[in-house]
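**Student:** Once you've had a glance at the structure underneath, I'll fire off some questions.
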Amino acid sequence: MPYNIAMVSDFFFPQSGGVESHIYQLSSKLIDRGHKVIIITHAYKGRTGVRYLTNGLKIYHVPFFVVYRETTFPTVFSFFPIFRNIVIREEIEIVHGHASLSSFCGEAILHARTMGLRTVFTDHSLFGFADAASILTNKLLKFTLSDVDHAICVSHTCKENTVLRASLDPLMVSVIPNAVVAENFCPLSHTTRAPDQGLGSPADAPMSPRPIGPDDPITIVVISRLFYNKGTDLLIASIPRILASNPNTRFIIAGSGPKAIDLEQMLERNVLQDKVELLGSVRHEEVRDVMVRGDIYLHPSLTEAFGTVIVEAASCGLYVVCTRVGGIPEVLPQHMTTFAKPEEDDIVLATSKAIAALRSNKVRTDRFHDQVKMMYSWRDVAARTERVYEGVIGDISPEEFYGYYPGQGWEASGDRVRSFALIDRLKRYYGCGVWAGKLFCLCVVIDFLIYVFLEMWFPRANIDIARSWPKKPSVSKSRVR
Amino acid sequence: MASPPSLDPLPPPIPVDTHPNRAPGSKSPELQRSLPDPNRLAPGDAYFAPSLSRARSAPTNYEESLRTLSVDNSAHIGSALRKKLGGAGRRRKRKGAWKKLLWVKQSYPDNYTDTETFLDHLQRNPRVRPYDFWPLVADSTVIVQHVCSVVIFICCFVGIVQDRVSPVSIVCWGSVGTAVGWILWDNWIWKEHEESMQSAVGITGGDDGSSSTSFASAVDTPANDAQSGDTKTNAIHGLGLSMSGNESKEQFAHRSADFSESIDAVVNLTAQSAVPSVPGTSDIGTTDPSISQETNGASALSPRNRQRLTTVKSAFLIYFSLLGLSPILKSLTKSTASDSIWAMSCWLLIMNIFSFDYGSGEGAGATTKFPASLSTNAAVMASTVLASRLPSTTHVFSLMLFSMEVFGLFPIFRRQLRQKSWTGHVLLTLTLVIVAGGAVGVTLSGGWAAAIIGSFLGSILTAFVMGGCSWWLISLQKYKNVVIGPWDPARPIIRRHWN
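These protein sequence lines are chains A and B, in that order. When we follow the numbering used here, the leftmost residue of the first sequence carries the number 3, and every step to the right adds one. When we follow the numbering used here, the leftmost residue of the second sequence carries the number 56, and every step to the right adds one.
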């Protein structure tokens with residue numbers, strides 16, 4: 003049964019990134035499945051008001067004060083009037099927030115619960131527990147997630163992290179990975195190409211996979227923002243050693259960031275300019291064109307919740323060398339990857355091993371694309387997300403949704419189906435901490451009062467209902483296998 | 056859209072070891088299972104059994120929460136739950152085991168929580184060692200020493216300002232002490248250097264030089280028993296504060312994996328310990344390795360004497376430049392009001408105490424949050440500021456020289472003394488405490504009686520503070536709860552830095 007879903011996040015186009023494309027792809031695939039999806043984000047420069055994207059995806063750009071890296075200022079309550087207006091106008095049933103650093107998302111989940119809507123939250127990132135910033139973020143996340151109906155994480159490691167950070171019941175957290183649009187990441191020699199995909203693919207004739215001889219040049223591609231937590235230091239330290247120990251290799255590095263200067267200095271000091279090509283930052287559409295120039299993708303990141311880029315690289319037919327951190331080991335099968343410890347020596351070793359494996363033609367990189375296409379697709383993600391929606395709405399019985407213990411008599415299971423009664427909500431918030439619990443309860447009570455006030459001052463009856471985008475004919479239904 | 060016919064079926068999924076920190080053989084599974092639940096982080100058991108840092112799986116957690124919920128029928132429900140879990144296990148066998156992988160299509164719902172692998176890489180308090188009382192007290196002597204020397208400096212300044220003490224006598228006593236300290240230090244350094252050279256030679260001549268020679272073993276393996284005994288005491292007494300010593304040593308061992316490098320490292324280490332001889336003489340440090348490497352080369356002066364000459368030269372350089380700078384320093388902050396001066400010097404000295412590098416020097420700067428120069432600079436600036444309240448250039452010169460000795464040279468000597476001789480370290484601490492107490496007594500009321508009472512009270516107070524703070528720190532340890540897992544950003548290990 004179709005739902006009306008509102009995706010809420012600070013991060014959306016025109017800014018580009020993993021969360022943004024996740025929201026877009028998930029929304030458009032949900033629309034394909036017959037749901038109505040709107041997106042609520044804050045106003046970007048030159049992007050305000052209500053917009054429509056392809057397929058009738060409606061975007062509300064709410065004017066808001068942006069403090070840091072496109073995150074809005076957390077005001078807790080000031081978003082409520084306009085949020086309520088949008089929700090009523092669009093007849094929203096499920097509010098789905100994305101990204102734990104987005105204050106928009108947290109506030110929307112609070113207000114949605116006050117208004118009696120079901121909420122889902124997707125976490126895209128990993129946080130530690132040690133430093134002060136993490137502690138603050140975790141407290142806010144606990145506030146957000148104390149009353150959420152269900153949480154979605156992009157990897158199992160991410161799930162463990164979120165469960166610990168927000169003290170959630172693990173059965174209330176689903177793992178639904180990211181996906182890639184495999185059609186956009188085809189290798190050069192891809193033969194079985196979709197007929198409608200004319201652009202972005204070279205017109206060369208279908209050719210057999212080129213065997214790599216022992217002396218053929220091997221190109222290693224790195225596409226990452228050059229930040230500390232992306233492991234740029236490891237990259238800088240290992241490039242000269244890789245190039246020294248493996249003749250006939252070269253690097254292509256795309257991306258920019260604060261560590262770019264260090265990288266350039268290293269190149270100058272070792273006189274490697276002719277072996278390492280720096281492209282600067284590339285747009286997401288151009289990533290594929292960069293990737294297909296190489297044979298190996300090196301990903302030295304220090305922390306990663308999912309690592310979409312390595313899936314993209316594998317989809318382009320590259321052999322992947324990556325560090326064994328975060329959720330990365332869950333993402334790709336072992337015949338596509340070589341894992342390394344986040345140490346300089348081990349990265350050099352793993353890369354050399356990968357080069358040797360490619361030179362000896364042990365790795366069938368030409369099959370990677372089709373295999374990745376079978377592993378990850380947004381259509382699959384949308385179907386699995388839809389099951390979460392059915393679970394929180396109650397279309398699937400809680401026994402089936404929450405799993406394996408039917409008829410259990412203990413109390414925690416009663417709390418999985420989150421009731422909207424204010425006293426129950428306050429109970430959940432009160433447990434968040436000695437001081438924080440009371441503060442959160444205060445926030446919830448004020449939020450409830452604001453809601454009552456809004457209901458009196460701006461009655462529901464005066465808010466117009468927006469007309470939905472005309473549904474596509476059921477062609478899409480038949481296309482779904 | 057069907058997959059192309061030529062496509063191979065995917066190979067069977069191989070469970071991947073998902074975390075680098077995982078050490079599979081290190082902990083027995085029984086111990087892992089017997090730990091309380093990971094969600095409600097009880098700190099006590101982490102403190103009492105820090106090695107059992109593995110988490111238990113989720114349903115046991117449920118069982119536990121259930122037990123706390125209803126104590127009466129816990130056994131009953133617990134057995135029921137276990138039965139259910141057994142059912143789940145059977146079902147899992149029928150369906151095929153769940154895998155912690157994302158690329159496999161599994162017949163489990165997305166919110167399935169595997170009881171065995173969930174949170175199995177969680178480590179709690181992995182690097183925490185419980186403190187012991189006496190080692191902690193012993194380590195706190197380092198702080199006491201520094202605070203006492205700061206107190207002595209302040210008292211000397213007050214004495215100079217109030218015209219009770221002649222600045223020249225203070226600086227004379229200080230210089231005599233510095234000279235004695237330098238001679239001692241010089242002896243130690245060269246003895247240690249020769250020993251390390253011998254040990255390096257011994258290793259080269261000796262066995263194959265196994266790659267696991269850590270720094271410590273490289274230094275003590277040859278028969279210099281006195282020194283190894285000292286390092287032993289060091290290790291015992293260094294249990295409390297030098298938490299990172301172990302780690303850095305391991306890093307060091309890793310770094311000196313290559314054999315030839317390990318010799319190099321030993322040589323470099325002595326060079327490093329020779330560097331902080333006199334502030335402003337860093338040229339000694341840079342030339343030192345080359346000197347030590349050409350020990351056999353015949354030159355007019357032995358390298359030892361050459362270095363002594365350099366030290367004396369730089370001492371004179373400092374002496375004369377201070378002499379020349381004194382008039383400028385005297386009038387530098389003359390126009391500032393006195394109360395601003397007192398406040399500023401107070402803050403600077405507090406900064407000096409808090410940012411001082413109390414480590415044993417083995418961490419080699421990698422572990423210190425502040426550069427050591429911050430503390431020294433703060434102290435020198437404090438004395439510069441204070442100097443403007445003094446009446447004559449001689450006073451200013453004396454105070455500045457004395458502050459150089461107290462804040463620049465004395466810490467180096469103290470550190471070396473602590474490594475060399477524990478008895479000397481304790482004796483020095485006692486002397487400093489007594490002198491500081493006496494100085495405070497004299498400054499406050501004057502006379503020998505006050506000095507004796509002051510030193511007596513000061514010693515007792517210091518002893519109580521040391522014991523009380525150590526006990527407090529130990530009692531705070533039960534609140535320690537560090538959670539580490541695969542979600543933490545990995546620490547990259549890099550051999551060389553390109554900067």
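In this text, a Cβ means the ideal position worked out from N, Cα and C, and glycines have one as well. Since the model is a prediction, treat every value here as computed from it, not as a measurement.
1. Within the 7 Å Cβ cut-off, does Pro172(A) reach chain B?
2. On the CB-based measure, 16 or more other CB atoms within 10 Å of its CB, does Ser386(B) come out buried or exposed?
3. Once the 5 residues before and after Ser18(A) are set aside, which same chain residues still bring their CB inside 6 Å of it?
4. Where does Cys434(A) land, buried or exposed, given buried means 16+ other C-beta within 10 angstroms?
5. For Leu428(A), which residues from the same chain have a beta carbon less than 7 Å from its beta carbon, with the 5 sequence-adjacent residues on both sides left out?
6. Taking 7 Å as the threshold (beta carbon to beta carbon), is Trp542(B) in contact with chain A?
7. At the 7 Å Cβ level, is Lys385(B) part of the contact set with chain A, yes or no?
8. With a threshold of 7 Å between beta carbons, is Leu157(B) in contact with chain A?
9. Taking Cβ positions, are Ser303(A) and Gly233(A) nearer each other than 7 Å?
10. Does the beta-carbon distance from Phe422(A) to Gly118(A) come in below 7 Å?
11. Are there three or more Cβ pairs, one per stretch, closer than 8 Å when the segment 117-134 of chain A is compared with the segment 46-58 of chain A?
12. For Ser381(B), is the classification buried or exposed, using 16 other Cβ atoms within 10 angstroms of its Cβ as the cut-off for buried?
13. Which residues bound the beta strand (DSSP E) around Phe123(A)?
14. From which residue to which residue does the beta strand (DSSP E) around Thr387(A) run?
15. Please return the same chain residues whose Cβ sits closer than 6 Å to the Cβ of Ile357(A), not counting the five positions on each side in sequence.
16. Go ahead and pull the three-state DSSP assignment for Phe341(A).
17. List the residues that DSSP assigns as beta-bridge partners of Thr251(A).
18. Report the three-state DSSP secondary structure of Tyr163(B) (helix, strand or coil).
19. Closer than 7 Å, CB to CB, is Arg195(A) near chain B or not?
20. By a C-beta neighbour count over all protein chains shown, 10 Å radius and 16 as the cutoff for buried, is Met458(A) buried or exposed?
21. Report the residue from Gly328(A), Phe75(A) and Thr251(A) whose alpha carbon sits nearest the alpha carbon of Gly215(A).
22. Any contact of the segment 305-319 of chain A with the segment 371-389 of chain A, i.e. 3+ C-beta pairs under 8 Å?
23. What is the residue span of the alpha helix (DSSP H) that Glu270(A) lies within?
24. Kindly indicate which three-state DSSP category Gly336(A) falls into: helix, strand or coil?
25. For Val235(B), count neighbouring C-beta atoms within 10 Å of its own C-beta (all shown protein chains included) and say buried if the count is 16 or more, exposed if not.
26. Let me see if you follow: with CB-CB separation under 7 Å, is Thr340(A) close to chain B or not?
27. Beta strand (DSSP E) containing Tyr62(A): first to last residue?
28. List the residues of chain A that Val538(B) touches, going by C-beta distances under 9 Å, in chain order.
29. For Gly51(A), does the three-state DSSP call read helix, strand or coil?
30. Touch check for the segment 359-366 of chain A and the segment 325-334 of chain A: three-plus C-beta pairs under 8 Å?
31. Is Pro179(A) close to chain B, meaning its C-beta is less than 7 Å from at least one C-beta of that chain?
32. Counting C-beta neighbours from all protein chains within 10 Å, is the total for Lys473(A) 16 or more, i.e. buried, or is it exposed?
33. Please work out which residues of its chain come closer than 7 Å, Cβ to Cβ, to Val495(B), disregarding the five sequence neighbours upstream and downstream, and give them in chain order.
34. If we cut at 7 Å on Cβ distances, does Gly202(A) have a partner in chain B?
35. Comparing the CB of Gln474(B) with every heavy atom of the ligand ATP, is any distance shorter than 6 Å?
36. Here's the rule I'm using: 16 or more other beta-carbon atoms within 10 Å means buried, otherwise exposed. How should Asn464(A) be labelled?
**Tutor:** The short version:
1. yes
2. exposed
3. His286
4. buried
5. Cys443 and Val446
6. yes
7. no
8. yes
9. yes
10. yes
11. no
12. buried
13. Arg120 to Asp125
14. That residue, Thr387(A), is in no beta strand (DSSP E); its alpha helix (DSSP H) goes Trp380 to Ile395.
15. Ile220 and Asn248
16. strand
17. Ile220(A)
18. coil
19. Its pLDDT being 46, under 50, Arg195(A) is placed unreliably in this model, and the value from its coordinates should be taken loosely. No, because no Cβ of chain B sits closer than 7 Å to the Cβ of Arg195(A).
20. exposed
21. Thr251(A)
22. yes
23. Ala262 to Asn272
24. Per the sequence shown, the amino acid found at residue 336(A) is Gln instead of Gly. Helix.
25. exposed
26. no
27. Leu59 to Val64
28. Gly130, Phe131, Ala132 and Leu166
29. strand
30. no
31. yes
32. exposed
33. Val206, Cys210, Gly509 and Gly513
34. Low confidence applies here, because Gly202(A) scores a pLDDT of 43, under 50, leaving its location unreliable; read the following figure in that light. No, its Cβ sits nowhere closer than 7 Å to a Cβ of chain B.
35. The ligand ATP is absent from the structure shown, which contains no ligands of any kind.
36. exposed
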